[in-house]
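2 protein chains.
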Amino acid sequence: MTDSPHKNGTTRRGFLAGTAVAGAAAITGTVARADAPDPAITEVQPWARYLGEGVDARPYGTPSEHEAHVVRRNVEWLTADPISSVNFTPIHELDGIITPNGLCFERHHGGIAEIDPAQYRLMINGLVDRELIFTLEDLMRFPRENRAYFLECAANSGMEWRGAQLNGCQYTHGMIHNVMYTGVRLRTLLEEAGVQPEGEWLLAEGADASAMTRSIPMEKALDDCMVAFKMNGEALRPEQGYPVRLVVPGWEGNMWVKWLRRLEVGDQPWHHREETSKYTDLFADGRARRFTWEMDAKSIITSPSPQKPISHGPGPMVLTGLAWSGRGTIPRVDVTIDGGINWHEARMDGPSWDKSLHRFYYDFEWDGSPMIIQSRAHDSTGYVQPTKDELREVRGENSIYHNNGIQTYAVAADGSVENVEIA
Amino acid sequence: MTDSPHKNGTTRRGFLAGTAVAGAAAITGTVARADAPDPAITEVQPWARYLGEGVDARPYGTPSEHEAHVVRRNVEWLTADPISSVNFTPIHELDGIITPNGLCFERHHGGIAEIDPAQYRLMINGLVDRELIFTLEDLMRFPRENRAYFLECAANSGMEWRGAQLNGCQYTHGMIHNVMYTGVRLRTLLEEAGVQPEGEWLLAEGADASAMTRSIPMEKALDDCMVAFKMNGEALRPEQGYPVRLVVPGWEGNMWVKWLRRLEVGDQPWHHREETSKYTDLFADGRARRFTWEMDAKSIITSPSPQKPISHGPGPMVLTGLAWSGRGTIPRVDVTIDGGINWHEARMDGPSWDKSLHRFYYDFEWDGSPMIIQSRAHDSTGYVQPTKDELREVRGENSIYHNNGIQTYAVAADGSVENVEIA
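This is how it looks when you write it as C-alpha cells:
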C-alpha cells in the first residue's frame, strides 16, 4: 500500500554537515567534481535548454506528472460497489491546512449528482411563516461569509476499532478535508422564511438519487451553519455538492448534506435511515448511542507514516501531522517518539481557526534507531485525545464511528513505518 | 469578452417579496402550480432518478462541466508568442481570498520548466561562509512554515495607464493570485550558509530556459521571504515553479523566482535584464524609477463587472471585490455607486493577513437605475488608493507597471457593465 516514490531514496550527501560545493567548478556546471560528480549539477538539464509549454496550454491547471501518485484512493473490498462508497484524501502527501479541491475525499450514497445550476432550486418548508423556493442566483443576493472548516466522516478511522488494520494514514484518517467556504449563513435564510416557535428541528435533504436526509437541531442551524456555493474560492466540485451544500461546522460529515434541495422545519427529529440504522454506534450491550454529532478532538501524524517513510539517514528531520476538534481550536499537540515514555510539545504553525484543521510539527534530530511515534491533541475545551484502549473501555468494540483514539506507528531503522498498536 | 452564461438570465420570481410556495403541491413535486409551473420543481430531475459516478471515477477531481467558462485566459495579440507571455486569473468568477491552484495566473519568460524533482538542486553561493547545494529532500528537513500571500505581476492593470482598454477585470486585474504556501524561511537557509558581512544583496536565479534572475536586498531576504514547495496544501504546480519557488511577500511577482536553482550572495545589485530594460517604469522626462519592488495598495470590484453583469432585477444585491497591499493589511475599503458623490464603507469578510488578498462586500438595494461604481482601498499604513489621474500626474503615461489606480465601471439599467473612465 506504500505508494511513496521515496521509499528507498537516500540523500546523496551529509546534511547540515555541509553539502559544501568543491570550488567553483560545480557552480558553473561545466566541470564535474572529481570526488562525487553529480550530473544534476554538472550537466545542463533539459528544462534549462529548451522552451517549455506556453500560457495557452492549460486553461485549468493540473499537477506535475511527477505527482501522479498524489490522488484520492478507494479500497475495492470495503463496499459492495464504488457508487455508495468512499475514497480517501492523501493526507500523507499534503502540508499546511488547506485541502486542494481535487483531493477532498468523497462519500456518496447514490453516486455524484450532476446538477444543472440553472435547474437548481432550494426549498424551505414546514413550520415557517413563508415557505420559500430559491434559485442559485437568489442565494447569491444574500450577504455572504467566508469560513474554513474541517469535514470528517463519522467513520474515519472506523476500521481501527479492533486493532491496526490498514497501513497508511490516507486509509485510516483520510476521510477528512479542510476547505474555505463562501456562502450564506443558514440563519439568514431561515429568518427569511420565519421559523415558528415550535420549529425546533431542521431536516436537510439532498437532490441526489439517495435523497440523503439528516435532522439537525435548530440551535445548531441558527448558530454557525452555512449554505455554501464556493470552496477554496471556486464553485463547489460536483462530488462535494455542486452547486450548493450544507456546512455544519464540527459535526459529522454526513450531516453536511450535498446537492441541498430542501430544508424542512419541524418539531422533532425525523429519525430517518441515515441517522438510525446507519451512522449510529452500538455499545457492548447493544444499546445505541443517540445523536453523536460532534467530532471529538483527534490528531494523526502524516509524515513519517506507512505511505511516507523516512527516506534519509539520521540527523535533523521533520515530523508533521494534523489535529482538529469539533468543539473549537487546537492550542496544543504532544508528540512522542518512544512510545509514550516522553512527550514533547509540538510546534503549531498556520491559522488556528475554530473547527478547522491545525498543522503541527516536531523538528528533531533522529539518531537512526527505531521509534514508536504517536501524537495527542488537546482542544480549546481542555479535552485530551484518548488512547484506543480508553475508548474501547467506554464504548466497547461494536462501533464503526467516532474513533478518535491515538494512532501508533512503528518506525524501523531503515525508515519504513508500520501501523501498530501498543498495550 | 463577456463569458458569463448569466448575461441574460433573470430570476424567475420576485425576491424577498416571497418566492412563496403555493400550497403543498410544489413541495411534493407531483402537481404543477397553476399560475407558474416550474419544471425544476414539478418534475423529478435526472440527478434524483439515476445513480451517479462512483468514488473511483476521478482520483484527482475537476470542476463541473457547467463551470467550463471559469478558466485562465490569455490574449493572443498581447505578446509575440504564448511562451513568453501571460494568462489571467478569472477573478470575476471567484469568491473568498484563496485562489485555487488550477486558476493561478501564469507568467513565463521561457515557458513552463518541467523539472524532475529527483534531479532538482538548489545552490547557495557567493559571499557566504559555506557554499551549499540542497536536494529537494534536504529542504524538507528544515523547519517549515505556512503563510498566505498575494502575488501580483508588476504589469497588472498596465494597459489601463492610457485609458480604459480591456473590458473585464480578469484581463485588467487578473495577474494576481493568493495562495497558502508551505516552505522553509529563506533566512534559515542563508543562516545555514553563513552570509558574510558585506553580503547585502541576493541574486535569485530560475532553472528554466530563461534563467530568470532578480536582485533582492538582504534585509528583505532575511525578513519574510520563503523557499516554498507546496501551495494550498499540495506540491507547487509546474507553471508556478515546481518543485521550488521563491516567495517574496508584497513585492512584484517577477521577483518570486520560479524553478529556483541558485541564490548568490553579493555586495551590490546585479542590474540584470529583467530589472533594467524590463520591469522598469519611465517618468514623463524619460528618467527611470529604480527599485519599484513593493506593490501599492489596490482594489477591484469583481462583481458586478464587464464579465459578470447583474443578471437580476432591482432589489437586494451583493457587490464584491478584492483589495490588497504589499505593505500590510487592508482594514478598510470604500465603495461608491454614484461615481464618487457618496462613499460607503464596505464589509470586510474572511482572514485579514499581512500582504494577502482581502475580500470586501457591499450589500445594498439596487433601484434598477444606471450606476458608476468604484472601490478604494486603505491599507494598514494609512495609504489610500489613488485615482488614475492622480497617478498620471506623478508618473506620466510612459509606465506599464505599478498602476494601482481606482477602476471605474458603468452599470447600465439592463445590468450590463462597461470599463470606463470618468474625469
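From first to last, the protein sequence lines stand for chains V and U.
Counting from 1, one number per residue, gives the positions in the first sequence under the numbering used here.
Counting from 1001, one number per residue, gives the positions in the second sequence under the numbering used here.
Note that CB positions come from ideal geometry on N, CA and C, so glycine has one too.
This structure is a prediction, so every number in the text was calculated from the model and none was measured.
### Query
Where does D1414(U) sit, in a helix, a strand or coil, going by DSSP?
Position 414 of the second sequence holds residue 1414(U). Here D1414(U) sits in coil by DSSP.
### Message
So L202(V) and V227(V) are supposed to be a Cβ contact under 8 Å. How far apart are they, rounded?
### Response
On the first sequence, position 202 is the one that residue 202(V) refers to. On the first sequence, position 227 is the one that residue 227(V) refers to. Rounded, the Cβ-Cβ distance is 12 Å, inconsistent with contact.
### Query
Which residues of chain U have a Cβ atom closer than 8 Å to the Cβ of I98(V), listed in chain order?
For the purposes of this step, residue 98(V) is taken as residue 98 along the first sequence, with counting starting at 1. Near I98(V) (Cβ distances below 8 Å), the residues of chain U are I1098, M1180, N1232 and G1233.
### Query
If we cut at 7 Å on Cβ distances, does M1317(U) have a partner in chain V?
Stepping through the second sequence from its first residue, residue 1317(U) is reached at position 317. M1317(U) counts as touching chain V.
### Query
So which of F360(V), F229(V), V128(V) and P316(V) has the shortest CA-CA distance to I301(V)?
For this step, residue 301(V) is matched to residue 301 along the first sequence. F360(V) is the residue among F360(V), F229(V), V128(V) and P316(V) whose C-alpha sits nearest the C-alpha of I301(V).
#### Entry: Minimum Cβ-Cβ distance from H69(V) to chain U less than 7 Å
Residue numbering aside, residue 69(V) sits at position 69 when the first sequence is read from its first letter. Taking Cβ atoms only, chain U never reaches closer than 7 Å to H69(V), which makes this a no.
### Member of E1137(U), H1108(U), F1364(U) and L1051(U) whose CA lies at the smallest distance from the CA of D1208(U)
In the second sequence, the residue the question calls residue 1208(U) occupies position 208. Looking at the Cα atoms, H1108(U) is the closest of the given residues.
#### Entry: Residues that N1254(U) contacts on chain V, provided the C-beta gap is smaller than 7 Å
What you label residue 1254(U) is simply residue 254 of the second sequence in a count that begins at 1. For N1254(U), none of the residues of chain V pass the 7 Å Cβ criterion, the least Cβ distance being about 15 Å.
### Task
Under 8 Å Cβ to Cβ from P507(V), same chain only, skipping five residues before and after it: list those, please.
Any answer about residue 507(V) is impossible in this case: the structure gives chain V only from 1 up to 423.
### Query
With a cut-off of 7 Å, does the C-beta of W1324(U) fall near any C-beta of chain V?
Taking the first residue of the second sequence as position 1, residue 1324(U) is located at position 324. No, because no Cβ of chain V sits closer than 7 Å to the Cβ of W1324(U).
### Task
Measure the CB-CB distance between D334(V) and R376(V) and report whether it falls below 7 Å.
By 1-based counting over the first sequence, the position of residue 334(V) is 334. By 1-based counting over the first sequence, the position of residue 376(V) is 376. Contact: yes.
### Message
Check this for me: beta carbons of T135(V) and S157(V), under 7 Å apart or not?
### Response
Here the question's residue 135(V) lines up with position 135 in the first sequence. Here the question's residue 157(V) lines up with position 157 in the first sequence. No, they are not a contact pair.
### Task
Please name the residues in the segment 154 to 185 of chain V whose beta-carbon is closer than 7 Å to at least one beta-carbon of chain U, in chain order.
When C-beta distances to chain U are compared with 7 Å, the residues of the segment 154 to 185 of chain V below that value are M180 and T182, in chain order.
### Query
Quick one, which of K1388(U), S1210(U) and A1284(U) has its alpha-carbon nearest W47(V)'s?
If you number the first sequence from 1, residue 47(V) lands on position 47. For W47(V), the nearest C-alpha among the options comes from S1210(U).
### Task
Determine the chain V residues that contact N1074(U) at a beta-carbon separation under 7 Å, and present them in chain order.
Residue 1074(U) sits at position 74 when you count from the first residue of the second sequence. Chain V residues near N1074(U): V55 and D56.
### Message
With H, G and I counted as helix, E and B as strand and the rest as coil, what does DSSP make of L51(V)?
### Response
Your numbering for residue 51(V) matches position 51 in the first sequence. Three-state result, L51(V): coil.
### Task
Take L16(V) and list the residues in its own chain whose beta-carbon comes closer than 8 Å to its own, dropping the five residues that flank it on each side.
The sequence position of residue 16(V) within the first sequence is 16, counting from 1. With a pLDDT of only 37 at L16(V), under the threshold of 50, the placement of this residue in the model should not be trusted; the figure read from the coordinates follows. Closer than 8 Å at the Cβ level, and outside the excluded window around L16(V), lie G315 and P316.
### Rounded C-alpha distance that separates S84(V) from A1113(U)
Counting from one through the first sequence, the residue named residue 84(V) turns up at place 84. Counting from one through the second sequence, the residue named residue 1113(U) turns up at place 113. About 41 Å.
### Message
For A1221(U) and F1229(U), which I take to be in contact (beta-carbon distance under 8 Å), what is that distance rounded to the nearest angstrom?
### Response
Translated into the one-based positions of the second sequence, residue 1221(U) becomes position 221. Translated into the one-based positions of the second sequence, residue 1229(U) becomes position 229. The Cβ separation is near 18 Å, so there is no contact.
### Message
Would the segment 1061 to 1081 of chain U count as touching the segment 212 to 221 of chain V if we require 3 or more Cβ pairs under 8 Å?
### Response
No: fewer than three Cβ pairs fall under 8 Å.
### Query
Buried or exposed: which applies to Y1050(U), given that a residue is buried once 16 or more other Cβ atoms fall within 10 Å of its Cβ?
Residue mapping note: residue 1050(U) aligns to position 50 of the second sequence, counting from 1. An exposed status is given to Y1050(U), since fewer than 16 other beta-carbon atoms sit within 10 Å of its beta-carbon.
### Message
Please tell me whether T213(V) and H271(V) are closer than 7 Å, where the distance is taken between their beta carbons.
### Response
Translated into the one-based positions of the first sequence, residue 213(V) becomes position 213. Translated into the one-based positions of the first sequence, residue 271(V) becomes position 271. No. Outside cutoff.
### Message
Does P316(V) come out as helix, strand or coil in the three-state DSSP assignment?
### Response
Stepping through the first sequence from its first residue, residue 316(V) is reached at position 316. Looking at P316(V) - three-state DSSP - the assignment turns out to be strand.
### Task
Could you please give the first and the last residue of the uninterrupted beta strand (DSSP E) stretch that includes H177(V)?
As a working note, residue 177(V) is residue 177 in the first sequence. It spans I176 to R185 - the beta strand (DSSP E) in which H177(V) sits, taken as one unbroken run.
### Message
Taking the alpha-carbon of Y1120(U) as reference, which of R1262(U), A1155(U), V1070(U) and E1131(U) has the nearest alpha-carbon?
### Response
Within the second sequence, the letter at position 120 stands for residue 1120(U). It is R1262(U) whose Cα lies nearest to the Cα of Y1120(U).
### Query
Given A1148(U), which residues of its chain have a CB within under 6 Å of its CB, disregarding the five upstream and five downstream residues?
On the second sequence, residue 1148(U) is found 148 positions in, with the first residue counted as 1. The answer, listed in chain order, is M1180, W1353 and S1356.
### Query
How about I1406(U) and T1387(U): do their beta carbons lie closer than 7 Å?
Counting from one through the second sequence, the residue named residue 1406(U) turns up at place 406. Counting from one through the second sequence, the residue named residue 1387(U) turns up at place 387. Closer than 7 Å, so yes.
### Message
Which same chain residues end up closer than 8 Å to G199(V) when comparing Cβ atoms and leaving out the 5 residues on each side of it in sequence?
### Response
By 1-based counting over the first sequence, the position of residue 199(V) is 199. For G199(V), where only same-chain residues beyond five positions count, the Cβ hits under 8 Å are G126, L127, V128, M218, V265, G266 and D267.
### Message
I want to know whether the segment 158 to 177 of chain V touches the segment 76 to 93 of chain V - three or more CB-CB distances under 8 Å.
### Response
By the Cβ criterion, the segment 158 to 177 of chain V is in contact with the segment 76 to 93 of chain V, since at least three pairs of Cβ atoms, one from each stretch, lie closer than 8 Å.
### Query
In whole angstroms, what separates the C-alpha of L1151(U) from that of L1186(U)?
Counting from one through the second sequence, the residue named residue 1151(U) turns up at place 151. Counting from one through the second sequence, the residue named residue 1186(U) turns up at place 186. Using only the alpha carbons, I get a separation of about 17 Å.
### Task
Taking L1094(U) as the query, report the chain V residues whose CB atoms sit under 8 Å from its CB, ordered along the chain.
What you label residue 1094(U) is simply residue 94 of the second sequence in a count that begins at 1. Chain V residues near L1094(U): K230, G233 and E234.
### Task
Helix, strand or coil for H92(V), going by three-state DSSP, please let me know.
Position 92 of the first sequence, counted from the start, is the residue given in the question as residue 92(V). Shown here, H92(V) sits in a helix according to DSSP, grouped into three states.
### Listed by chain order, chain U residues near S425(V) by CB distance under 9 Å
No answer is possible for residue 425(V): the residues shown for chain V start at 1 and end at 423.
### Residue from A346(V), A80(V) and Y409(V) with nearest C-alpha to Q363(V)
Locating residue 363(V) in the first sequence gives position 363, where the first residue counts as 1. Inspection of the sequence shows that residue 363(V) is occupied by Asp rather than by Gln. The shortest C-alpha separation from D363(V) is found at A346(V).
#### Entry: Status (buried if at least 16 other CB within 10 Å, exposed otherwise) for H1312(U)
Translated into the one-based positions of the second sequence, residue 1312(U) becomes position 312. For H1312(U), the number of other beta carbons within 10 angstroms of its own is at least 16, and it is reported as buried.
### Message
Determine whether the beta carbon atoms of D285(V) and S399(V) lie at a separation below 7 Å.
### Response
On the first sequence, position 285 is the one that residue 285(V) refers to. On the first sequence, position 399 is the one that residue 399(V) refers to. Using a Cβ distance threshold of 7 Å, D285(V) and S399(V) do not count as a contacting pair.
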